[in-house]
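Residue numbers (my numbering), protein chains in the order written: chain Z, 1 to 112; chain S, 1001 to 1113.
Backbone N, C-alpha and C define an ideal beta-carbon position, used for all residues, glycine too.
This report concerns only the one structure given below.
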């Protein structure tokens, strides 16, 4: 059974810092990995999708990498801002079906 | 463009009452559909997913059921709610292509009292 782990569970940084969020998964038989952002009491907003054949994807200040063989992904946020404060979740889509499995998330606080 | 609608946004129900949460998708056809539950401060637990009309995969045996009566409609139900059914319920859709992202509704906050 696929298991997705996110480290750290919570992170607090001063504004302007670069930071890295980690996601690991136990079964490398995946089609893709997706990073989401969730604001309190809201649904999830998609940030980046990385196909299993890709190594990284970039969107603005966000850069996500994928090392499928080692079961790891990182989300790099450059020059963090208070508006980046949210919970960040990663999810993998398995090749064995259409299941999307999520990690527990990293709660990020960027202090002004 | 594609949109996903989920309602109601909040719901307070007594123990033992029935439940019906509805999710509909517009602007796409033949999507994969998902129901998740999120406990406070936790990740998303996959409850059900569907790859087509009438096709439901159940991930966790519990007091809930799901149905897909139409291609773009996904319903989460319960005959008798338990206190432990309280949580934040999220519906999502994903196109069949693995190159396309999953998209989520705004969620339903269910409180069973």
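Inspect the beta-carbon positions of residue i and residue j and report whether they are closer than 7 Å.
i, j, result
"residue 103 (chain Z)", "residue 23 (chain Z)", "yes"
"residue 1110 (chain S)", "residue 1086 (chain S)", "yes"
"residue 1059 (chain S)", "residue 1044 (chain S)", "no"
"residue 87 (chain Z)", "residue 31 (chain Z)", "no"
"residue 1007 (chain S)", "residue 1091 (chain S)", "no"
Starting from the Cα of residue i, find the closest Cα among the options and give me that residue.
i, options, result
"residue 1066 (chain S)", "S:1049, S:1081 and S:1107", "S:1049"
"residue 33 (chain Z)", "Z:58, Z:73, Z:39 and Z:13", "Z:73"
"residue 1023 (chain S)", "S:1038, S:1012, S:1071 and S:1044", "S:1071"
"residue 1026 (chain S)", "S:1104, S:1047 and S:1109", "S:1104"
"residue 2 (chain Z)", "Z:111, Z:99 and Z:66", "Z:99"
"residue 18 (chain Z)", "Z:69, Z:41, Z:63 and Z:90", "Z:63"
"residue 58 (chain Z)", "Z:48, Z:20 and Z:67", "Z:48"
"residue 97 (chain Z)", "S:1009, S:1001, S:1033 and S:1041", "S:1033"
How would you label residue i, buried or exposed, when you count the other beta carbons within 10 angstroms and need 16 or more for buried?
i, result
"residue 1015 (chain S)", "exposed"
"residue 80 (chain Z)", "buried"
Over the uninterrupted beta strand (DSSP E) stretch that includes residue i, give me the two end residues.
i, result
"residue 55 (chain Z)", "First-last for residue 55 (chain Z): undefined, no H or E at that position."
"residue 14 (chain Z)", "10–14"
"residue 50 (chain Z)", "44–51"
Legend entry - Positions along the region 1087–1106 of chain S whose CB lies within less than 9 Å of some CB in chain Z: 1088, 1090, 1091, 1092, 1094, 1096, 1098, 1099, 1100, 1101, 1102, 1103, 1104, 1105 and 1106
Inset, instruction - Output, in sequence order along the chain, the residues in the region 1051–1070 of chain S whose CB is closer than 7 Å to any CB in chain Z. - result: 1051
Legend entry - the region 1002–1030 of chain S: positions lying closer than 7 Å to chain Z by Cβ: none
Inset, instruction - Quick one: which residues of the region 82–105 of chain Z get their C-beta closer than 8 Å to a C-beta of chain S? List them in chain order. - result: Taking 8 Å as the upper bound on Cβ-Cβ separation, chain S lies near residues 89, 91, 93, 97, 98, 99, 100, 101, 102, 103, 104 and 105 of the region 82–105 of chain Z.
Inset, instruction - Quick one: which residues of the region 30–48 of chain Z get their C-beta closer than 8 Å to a C-beta of chain S? List them in chain order. - result: 31, 32, 34, 36, 41, 42, 43, 44, 45 and 46
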